[in-house]
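Undergrad: Before I ask anything, here is the structure I am working with.
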Amino acid sequence: MNAKRAGADGLPLWVREEGVYAATSHEPLKFYRRIGDNPEWREQWYYAHRTEEFAKKMADAGFNHINLALFKGFGLEEEREEIDDLAKRIPVFHKYGIKVRAYIQFGSLMYETFLKEVPEARDWCRRDPHGRIITYRWGNLYWRWRPCHSKPEFLAYLKKCVDRAIEIGVDAIGFDNVKQGSGGDYHDFCYCDTCRSLFRDYLKRSFAAREDLVGISTFDNVEPPSTHHANDVICQAWARFQDGRLRASVREMYEYAKSKKPDVLVNTNGLPAHVAADSTDTATWEGHHWPRIEEDEVVCGVHAYKHGNDRGIIVYSSIVAPDFGEEDLSSPESPKLRVLKLGTACANAFGGHGVFVPAIMSKMRGARFPLEEGPFADACRRYFGFFKRHRELFHPLGPAANIAVYFNWQSWTLDRARVAAAYHLAEQVFLRHHVLFDVLYLRPPEDMRRYDLLVFPEIRCLSDSEIEEIGNFVRAGGAVVSLGETCRYDEYFRERLSPGLAQALDVESEKVKSLAVPKGALEPGGWRKCDGLLKAVRDVLGVRGLPLEVDAPDTVVMDAYRIPESRKSIMSLLNFDPDKKVRDVTLRLSSDKFGIITQAWCASPDSESYELQPLQAKQDSDDLVLTVPEVDIFTLVVAEGDEP
Ligand SMILES: [Zn+2]
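Shown next as structure tokens:
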């Protein structure tokens, strides 16, 4: 069947209208006991946050979503008691407007109990190159096996879990651990007989008449590689095959869940961007990116949000401040509460819209929760309330940036370390200098025409067809900037006769700039050594320039979007300096991009009132200059004007 498109188009109405403010308690009691995290108060604690009183407290604080365990991998029979208990609790959460997500493990089977229910499950497990069963990678969890997604029997079992979740009335399904190694990381790849056989079929389909590439004419005896060599085409094929296998299995589960309940929200945790495109509505990025400046670098998971925007998927970022412990939450001035507020603002400002707070899984002693601390609940209520109040300004959003950072599968997967480092450098330069940018990765090639400039973060592998598309983009007036060694290889990591983007494109040189990664620029704070990137961007953009110039300290980070089918644009200003408020931030908006602005306002969850206040605006030649009087943690600016 053809399920409707995943991502933004598949979202249930409540998500579109409210956004997602989620808390989680996704581990079953059984898991805490087995893993040895079982203090005297564990059972009392576990049931205390499934009561009506707790549901009411969640709603009062502005939460609208809770993630609760359904299948952790012990077995539906072994977990039956807790699932039956969950079934009774769902109506209680619904009474207070809290949607319930069923947590389903995609990547772990606890054989100690699971084999009793399904003895043949020994054949569903991932095998390493020596045929040994692969155990869960994180922590010393010898009692967790990793299942193989190529086994139809395993997916059939997961479908029974989905059936049970939908039968008890959940609103959402969250698949956890939808991940495996990628590119050069083979630790988690499966080498079972099924995967080996499917891989040989894949090689035959993909490289049947390509001795020029792989050097061999038959694949019947090929074994999957166990170590990565980027320029070995069989290694490249193994990484692509593994991605495809994971993608197909997640897509199958997505379609199954939607066929059972069309408006169920499907979330995945751990799914790589290039796999997630058509297999999930929302994605959790468990990057532990609690927002801060560390070693002169802004940390806030912005790359996760930008990748989510690229593929039309809402990204939840887990705001896991080291932990929300009781000693940190007793005062409204607590630094941890600032983290919560800034994290909520980041999720909205960068287009994520999903806020995921471990408000229940806390390290507090006794059967107590952060949510029961007045200042914590106040901070949630204030910040969640602000973004719900202005929801229509944050969803959906269209691009305001005229710069896109370009990625492709082969570079991002096979050459990850270099690309990630160069991207991170470009991201820091742009964030700290208030330059708007998007990510361009999974969209169709014609989407590049929406931008004036493409930036290549060491995209060393480019195919001939990509070069042709990029050449057309430049001939139509676009510009490109390469950071590091872009276009040294083709898509199979074959050295090009004339390496370099400028040579490959064969276009006017003033529209193409290449710069090396400066010495020391990949060290923490190295973005300060990379002014050349900013200069190159300004040089190639020329008179078109940047749509928005901001005069603010480099501890203020911003993003901006156009609201489709409206004459409004929004600009978000986030202050990462915990020690001082920032005053008199000026924004210079070009009429080319934002139109002739007729009205402007600002609002902040840090002020008494949520309402938009008029902003002073001054026309300066073709630009409009707005002055924002103060940014404490977050200030929203709204501008309305004629179409650009
Ligand atoms: Zn396998």
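Just so you know, we're using the numbering used here here: the sequence shown kicks off at -1 and counts up by one.
Backbone N, C-alpha and C define an ideal beta-carbon position, used for all residues, glycine too.
Quick caveat, the model's predicted, so the values are computed rather than measured.
Any heavy atom of ligand 1 inside 7 angstroms of the beta-carbon of T192?
TA: Stepping through the sequence shown from its first residue, residue 192 is reached at position 194. Because some heavy atom of ligand 1 lies under 7 angstroms away, the Cβ of T192 counts as near it: yes.
Undergrad: Which residues in the same chain as F471 place their Cβ atom closer than 6 angstroms to its Cβ, once the five residues preceding and following it in sequence are excluded?
TA: Residue 471 sits at position 473 when you count from the first residue of the sequence shown. Excluding positions up to five away in sequence, the list reads M446.
Undergrad: Taking contact to mean at least 3 C-beta pairs separated by less than 8 angstroms, is the segment 394 to 405 in contact with the segment 355 to 372?
TA: With a cut-off of 8 angstroms, the segment 355 to 372 and the segment 394 to 405 do not count as touching, because too few Cβ pairs lie within range.
Undergrad: Start and end of the alpha helix (DSSP H) containing I81?
TA: Mapped onto the sequence shown, residue 81 falls at position 83. From DSSP, the alpha helix (DSSP H) with I81 extends over R78 to K93.
Undergrad: Given that a residue counts as buried once 16 or more other Cβ atoms are within 10 Å of its Cβ, and exposed if not, what is N36?
TA: Looking up residue 36 in the sequence shown gives position 38. N36 should be labelled exposed.
Undergrad: Report buried or exposed for S564, applying the criterion of at least 16 other Cβ atoms within 10 angstroms of its Cβ.
TA: The count along the sequence shown starts at 1 and reaches residue 564 at position 566. Exposed.
Undergrad: Between which two residues does the beta strand (DSSP E) carrying W283 extend?
TA: What you label residue 283 is simply residue 285 of the sequence shown in a count that begins at 1. Run containing W283: T280 to W283, per the beta strand (DSSP E) assignment.
Undergrad: Drop a sphere of 10 angstroms on the beta-carbon of P150, count the other beta-carbons inside from all chains shown, and report buried for 16 or more, exposed for fewer.
TA: For this step, residue 150 is matched to residue 152 along the sequence shown. When all chains shown are included, P150 counts as exposed.
Undergrad: Just the C-alpha distance for E444 and P89, rounded to the nearest angstrom, thanks.
TA: Position 446 of the sequence shown, counted from the start, is the residue given in the question as residue 444. Position 91 of the sequence shown, counted from the start, is the residue given in the question as residue 89. Taking the straight line joining both Cα atoms gives about 47 angstroms.
Undergrad: State the Cα-Cα distance for the pair D582 and T278, rounded to the nearest angstrom.
TA: As a working mapping, residue 582 is identified with position 584 in the sequence shown. As a working mapping, residue 278 is identified with position 280 in the sequence shown. D582 and T278: Cα-Cα distance of roughly 42 angstroms.
Undergrad: Rounded to whole angstroms, what is the Cα-Cα separation between V635 and L434?
TA: In the sequence shown, the residue the question calls residue 635 occupies position 637. In the sequence shown, the residue the question calls residue 434 occupies position 436. Going by the C-alpha atoms only, they are around 15 angstroms apart.
Undergrad: Just reading off the alpha helix (DSSP H) that Q234 is part of, what are its end residues?
TA: As a working mapping, residue 234 is identified with position 236 in the sequence shown. Where Q234 is concerned, the enclosing alpha helix (DSSP H) stretches over V231 to K258.
Undergrad: Measure the alpha-carbon distance for L571 versus D552 and round it to whole angstroms.
TA: One-based indexing of the sequence shown puts residue 571 at position 573. One-based indexing of the sequence shown puts residue 552 at position 554. In a straight line, the C-alpha of L571 is about 11 angstroms away from that of D552.
Undergrad: Apart from the five residues just before and just after Y189, which ones in its own chain have a Cβ nearer than 7 angstroms to its Cβ?
TA: One-based indexing of the sequence shown puts residue 189 at position 191. If we look at Y189 and ignore the five residues flanking it on each side, its Cβ neighbours are R125, D126, P127 and P222.
Undergrad: Which term fits T280, buried or exposed, when burial requires 16 or more other beta carbons within 10 angstroms of its beta carbon?
TA: The residue labelled residue 280 in the question sits at position 282 within the sequence shown. Buried, by the Cβ-count rule.
Undergrad: Please name the residue, chosen from D488, E467, F382 and V273, that lies closest to V505 on a Cα-to-Cα basis.
TA: In the sequence shown, counting from the first residue as 1, residue 505 sits at position 507. Checked all of D488, E467, F382 and V273; the closest Cα to V505 is E467.
Undergrad: Compare the Cα-Cα distances from A550 to each of V538, G530, K578 and R536 and report the closest residue.
TA: By one-based count along the sequence shown, residue 550 stands at place 552. For the residues V538, G530, K578 and R536, the minimum Cα distance to A550 belongs to K578.
Undergrad: Relative to the alpha-carbon of V403, which residue among A154, A343, E79 and L438 has its alpha-carbon at the smallest distance?
TA: Within the sequence shown, residue 403 is the residue found at index 405, counting from 1. Nearest C-alpha to V403: L438.
Undergrad: With a 10 Å radius around its C-beta and 16 neighbouring C-beta atoms as the bar for buried, classify T225 as buried or exposed.
TA: For the purposes of this step, residue 225 is identified with residue 227 of the sequence shown, where counting begins at 1. Flag for T225 reads exposed.
Undergrad: Just to confirm the assignment, what range does the alpha helix (DSSP H) spanning I171 have?
TA: Your numbering for residue 171 matches position 173 in the sequence shown. No alpha helix (DSSP H) holds I171; the beta strand (DSSP E) holding it covers A170 to D174.
Undergrad: Am I right that A237 and G181 are in contact with their C-beta atoms under 8 angstroms? What's the rounded C-beta distance?
TA: Along the sequence shown, read from residue 1 onward, the residue named residue 237 stands at position 239. Along the sequence shown, read from residue 1 onward, the residue named residue 181 stands at position 183. Contact holds; Cβ gap of about 5 angstroms.
Undergrad: Are there any heavy atoms of ligand 1 lying less than 7 angstroms away from the beta-carbon of S148, as far as the coordinates show?
TA: Against the sequence shown, residue 148 aligns to sequence position 150. Because some heavy atom of ligand 1 lies under 7 angstroms away, the Cβ of S148 counts as near it: yes.
Undergrad: Could you name the residues of the same chain whose beta carbon sits closer than 6 angstroms to that of V264, not counting the 5 residues immediately before and after it, in chain order?
TA: Reading the sequence shown from its first residue, position 266 is the one you call residue 264. Only I171, Y252, A255, T278 and D279 meet the Cβ criterion.
Undergrad: Only counting runs of 4 or more residues, tell me where the alpha helix (DSSP H) segments fall wholly within the segment 510 to 574, in order along the chain.
TA: List check, alpha helix (DSSP H) in window: 529 to 539.
Undergrad: Given a threshold of 16 other Cβ atoms within 10 Å of its Cβ, counted over all protein chains shown, does H287 qualify as buried or as exposed?
TA: Within the sequence shown, residue 287 is the residue found at index 289, counting from 1. Buried: at least 16 other Cβ atoms inside 10 Å.
Undergrad: Could you check what DSSP says for C459 in three-state terms: helix, strand or coil?
TA: Taking the first residue of the sequence shown as 1, we reach residue 459 at position 461. Note: C459 maps to strand in three-state DSSP.
Undergrad: Taking the alpha helix (DSSP H) that C600 falls in, what are its first and last residues?
TA: The residue labelled residue 600 in the question sits at position 602 within the sequence shown. Where C600 is concerned, there is no enclosing alpha helix (DSSP H), although the beta strand (DSSP E) it sits in stretches over I595 to A601.
Undergrad: What residue does the alpha helix (DSSP H) around P333 start on, and which one ends it?
TA: For the purposes of this step, residue 333 is taken as the residue at position 335 of the sequence shown. Counting along the chain, the alpha helix (DSSP H) containing P333 begins and ends at P333 to A347.
Undergrad: Could you tell me the distance, in whole angstroms, from the CA atom of E508 to the CA atom of V538?
TA: The residue given as residue 508 occupies position 510 in the sequence shown. The residue given as residue 538 occupies position 540 in the sequence shown. Approximately 7 angstroms, taken between the alpha carbons.
Undergrad: Is R124 near ligand 1, going by C-beta to nearest heavy atom under 7 angstroms?
TA: Your numbering for residue 124 matches position 126 in the sequence shown. Flag set: Cβ of R124 near ligand 1.
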